[in-house]
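Our numbering puts the first residue of the sequence shown at 354, with every later residue one more than the last. The next block holds one structure in the form of structure tokens; read it before the comments.
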Amino acid sequence: MTMRAFFLNIILPLLFLPVAQAQQSLTALKNPSAAPPLILRDMDGVQHDIRDYRGRPVIINFWATWCPPCRRELPSMNRAWKKLKEEGIVMLAVDVGEDEDTIFTFMADYPIDFSVLLDSEGTVSEAWPVRGLPTTFVLDGQGRLVYRAIGGREWDDDALLNKVRALK
């Protein structure tokens, strides 16, 4: 790899990382469409089907234990969940490509207060427009993808949560 290629492919993206991490907005999807199917079991073996949540906004976060931005945003997601759970808003974390033991061990150090779904084979995440981890989608009450967030967020930010609340 040439020095120029190294700079353009490695160093330059790292310079923009703090800006990307500071991003607090949700990207509105221009043409909201029906969410792809999502039927997965959680850590307790309970099956979750997003169709069961029709009529309620749903936040779906695709993540993995090895992903540093995913780990950084988890505490704010827990705080957001504490604010939202009594409001009828659903929050789901979909772990991509890892087994249950890995997630269980991780959760001993990083507790997650909302449902963690297992996509061990990555088949569900492949059906969704996931472009990296973490990627979070917000569905409206009709089950349509209306917002997307690529990269970490401070999910307990009131401006961000108010966009989700407005979908009720």
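A virtual CB, placed ideally from N, CA and C, is assigned to each residue, including glycine.
To the nearest angstrom, report how far apart residue i and residue j are at their CA atoms.
i    : j    : result
E440 : E451 : 31 Å
R394 : D472 : 8 Å
F369 : E453 : Bear in mind that the predicted position of F369 carries a pLDDT of just 49, short of 50, making it unreliable; the figure below should be weighed with that in mind. F369 and E453: Cα-Cα distance of roughly 34 Å.
I456 : V469 : 9 Å
D509 : K436 : 8 Å
P389 : W481 : 6 Å
L513 : T458 : 30 Å
P487 : R407 : 24 Å
I412 : K438 : 11 Å
G505 : H401 : 24 Å
P319 : N414 : This structure cannot settle anything about residue 319, because the visible part of the chain is limited to 354 through 521.
N404 : V483 : The sequence as given places Arg at residue 404; Asn does not occur at that position. So the alpha carbons of these two residues sit roughly 19 Å apart.
R409 : T418 : 28 Å
Can you give me the start and stop residues for the beta strand (DSSP E) that residue i sits inside?
i    : result
S386 : T380 to A387
I392 : I392 to R394
A502 : R497 to I503
L471 : S468 to D472
Looking at C-alpha atoms only, which residue of the options is the closest neighbour of residue i?
i    : options                   : result
D397 : D466, V491, K521 and G496 : D466
L494 : V443, G505, G485 and A433 : Before going on, a small fix: residue 494 reads as Gly here, not Leu. For G494, the nearest C-alpha among the options comes from V443.
L382 : I392, Y500, W434 and F459 : Y500
Q377 : E426, D402, F415 and G408 : E426
L391 : G485, N515, L445 and D511 : L445
G485 : W434, V399 and W416       : W416
Note the first and the last residue of the continuous alpha helix (DSSP H) segment covering residue i.
i    : result
A446 : Note, A446: premise wrong, no alpha helix (DSSP H); beta strand (DSSP E) at V443 to V449.
Taking C-beta to C-beta, are residue i and residue j nearer than 8 Å?
i    : j    : result
A519 : L379 : no
V449 : G475 : yes
V477 : V447 : yes
E507 : S429 : yes
R424 : Y463 : yes
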